[in-house]
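Numbering (the numbering used here), first residue to last: 4 to 141.
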């Protein structure tokens with residue numbers, strides 16, 4: 004399982020998603036975050052495999068081959084560069100022979116509300132908006 008999330012201000016959100024993945028049977032959980040969030044996330048649990056790549060140029064290419072499923076958006080914030088990296092990642096996943104399941108939450112939903120074409124016809128995509136996020140999407 005991969006969790007794309009975690010910014011300097013919101014390092015806790017990907018921790019909750021990651022620990023939920025472990026508790027429901029995931030063997031390995033990779034957390035892809037910004038450099039500033041890596042230490043707080045790694046400090047929470049030695050079981051988490053933390054990659055501070057979310058704001059790197061090669062982010063999308065580096066992670067797409069590691070995963071069987073992906074959670075996007077927990078604590079990413081709204082930084083344009085990071086959201087652009089997430090957009091590129093979704094584009095790469097769509098082009099795979101068998102696109103992996105993705106769950107999009109929080110600010111990942113903000114990206115989808117702005118660019119809904121990213122998930123058009125993506126069969127294995129689950130959106131998890133709360134009421135405010137749902138209203139923003141319309």
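Quick reminder that beta carbons are idealized off the backbone N, C-alpha and C, glycines included.
The model shown is predicted, which means the values in this text are computed figures rather than measured ones.
| Check | Outcome |
| --- | --- |
| Reduced DSSP secondary structure (H/G/I, E/B, other) of residue 8 | coil |
| 3-residue-minimum beta strand (DSSP E) runs that sit fully inside the segment 54-102, ordered along the chain | 73-75 |
| Meets three-Cβ-pair contact criterion under 8 Å: the segment 24-33 and the segment 98-107 | no |
| Element boundaries [beta strand (DSSP E), containing residue 106] | 105-107 |
| DSSP-derived helix/strand/coil call for residue 130 | strand |
| Rounded Cβ spacing between residue 77 and residue 20 (contact assumed at less than 8 Å) | 5 Å |
| Nearest-angstrom beta carbon gap, residue 35 and residue 4 [assumed within contact, 8 Å] | That belief does not hold up - the Cβ atoms of residue 4 and residue 35 are roughly 11 Å apart, past 8 Å. |
| Reduced DSSP secondary structure (H/G/I, E/B, other) of residue 135 | helix |
| From 17, 27 and 23, residue whose alpha carbon lies closest to that of residue 53 | 17 |
| Beta-carbon proximity check, residue 81 vs residue 110, cutoff 7 Å | yes |
| Segment limits, alpha helix (DSSP H) that includes residue 15 | 15-26 |
| C-beta contact flag for residue 85 and residue 105 at 7 Å | no |
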